[in-house]
Amino acid sequence: MFTRYGDFWLNRNNGNIQQSQPEGGGENVGREPNLIANSLLQREYPNIVVLRGSLDDNKVALSFDDGPDIRFTPQVLDVLGQYQVKATFFLMGARAAEHSDIVRRMYGEGHAIGNHTYWHPNLTEESLGRVQWEVATTEETIEQILGFRPRLFRPPYGALNREIVELLGNMGNTVVLWNVDSLDWRQLGAEIIADNVLAQATPGSIILMHDGGDWTMDLSGTVNALHEIIPRLQQEGMEFVTIPELIGVSEEK
């Protein structure tokens, strides 16, 4: 059992204190094996797991994980507003509770809201009871702020297995992954982040980015990369939409 203290969590079983990892931040959590496994899960559970939208429409979706962050989320929202682009934010429940004003701003400006667990654990290392708690507690937190429970869910690190997918499906969630990883969690420069996205984005793409992380992370590259990503894809005829619009599901349960 773990208890979170700011950007650290305590393992009650052994008393160890460990710094929390940003999404994709630990070498022990490999992204590529997860993506391969998740493509199989998507084929097995096509009504629950989503990797991308349709190739037939020139629409793409920006998505941001690990917020709200008082440092970077407002900057991301400012840039999206500048270009009149809507995105989808997958919120950590603990941070949403702490920064409810930013959550209200996101929703008020027309962005979609999803669930990214309360404390950001690797769900495959937790009991199903703990997984259910992480999902339900974040839903309740968002409902207290915005008045609804989000349907969209994204697992930290993209870490899933069949048991978790089936649990999430039974809870009424749509599990949203991605097919374009900006790799901004590596705290790269804006040009590299933009190149990573532009080299991979095609119609229907769900683009993974981050508006939050631990207190040491500098996501200014993410903010600045948006000034390259958005106009370039628009010039290529792409329309930026929320994930509910991209995949044709309700934002709310």
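Just so you know, full-length UniProt numbering puts 226 at position 226 of the sequence shown, and the rest follows in order with no gaps.
Yeah, the Cβ is synthetic: ideal placement off N, Cα and C, and Gly gets one too.
Treat the numbers as computed from the prediction; the structure is a model and nothing was measured.
Sort out for me which residues DSSP pairs PHE153 with in a bridge.
According to DSSP, which records beta bridges pairwise, PHE153 is partnered with ASN115 and VAL175.
Look at the alpha carbon of GLU125 and the alpha carbon of ILE164, and state the distance between them as a whole number of angstroms.
Separation of GLU125 and ILE164 (C-alpha to C-alpha, rounded to the nearest whole angstrom) is 11 Å.
Alpha helix (DSSP H) segment containing THR88, residue limits
Counting along the chain, THR88 falls outside any alpha helix (DSSP H), though it belongs to the beta strand (DSSP E) covering 88 to 91.
THR216: which of GLU239, PHE64, PHE72 and GLU44 sits nearest, CA to CA?
Cα-wise, what sits closest to THR216 is PHE72.
Beta-carbon separation (whole angstroms), LEU128 vs ALA159, contact threshold 8 Å:
About 14 Å; that fails the 8 Å criterion.
Residue interval of the alpha helix (DSSP H) (run including GLY67):
Boundaries for GLY67: no alpha helix (DSSP H) harbours it, while the beta strand (DSSP E) harbouring it runs 59 to 67, taken from the DSSP string.
Taking all protein chains shown into account, do 16 or more other C-beta atoms lie within 10 angstroms of the C-beta of GLU236, making it buried, or fewer, making it exposed?
The residue in question, GLU236, is exposed, as its Cβ has fewer than 16 Cβ neighbours within 10 Å.
For the alpha helix (DSSP H) that LEU77 lies in, which residues bound it at each end?
Element bounds for LEU77: 73 to 82.
What did DSSP end up calling GLU23 once you bin it into helix, strand or coil?
Below a pLDDT of 50, predicted positions are generally treated as unreliable, and GLU23, at 39, falls in that range; the measurement from the model is reported next regardless. Of the three classes helix, strand and coil, the one that applies to GLU23 here is coil, per DSSP.
Could you tell me the distance, in whole angstroms, from the CA atom of PHE8 to the CA atom of ASP214?
Only weak support is given to the placement of PHE8: the predicted model assigns it a pLDDT of 34, under 50, and the question is left unresolved by the model.
Would you say the region 42 to 60 touches the region 73 to 90, given that touching needs at least three Cβ pairs under 8 Å?
Taking 8 Å as the limit for Cβ pairs, the verdict is that the region 73 to 90 does not touch the region 42 to 60.
My guess is that VAL176 and ARG162 are in contact by the Cβ rule of under 8 Å, so how many angstroms apart are they, rounded?
Rounded, the Cβ-Cβ distance is 18 Å, inconsistent with contact.
Tell me, which residues are paired with HIS210 by DSSP?
HIS210 pairs with ASP65.
Could you give the first and the last residue of the continuous alpha helix (DSSP H) run that contains ASP101?
Where ASP101 is concerned, the enclosing alpha helix (DSSP H) stretches over 100 to 108.
6 Å Cβ shell around GLY212 - same chain, five flanking residues per side excluded
Taken in chain order, the residues that qualify are ASP66, GLY67 and ASP69.
Mark THR202 as exposed unless 16 or more other C-beta atoms lie within 10 angstroms of its C-beta, in which case mark it buried.
Under this definition THR202 is an exposed residue.
Taking the DSSP output, what are the residues bridged to GLU239?
Beta-bridge partners of GLU239 (DSSP): LYS59.
Between the beta-carbon of ILE229 and the beta-carbon of VAL249, is there less than 9 Å?
Going by C-beta atoms, ILE229 is not nearer than 9 Å to VAL249.
Just the C-alpha distance for ARG104 and GLY114, rounded to the nearest angstrom, thanks.
Between ARG104 and GLY114, the C-alpha separation is close to 13 Å.
Measure the Cβ-Cβ separation of LEU152 and ALA199 and say whether it is below 9 Å.
Taking 9 Å as the Cβ cut-off, LEU152 and ALA199 do not qualify as a contacting pair.
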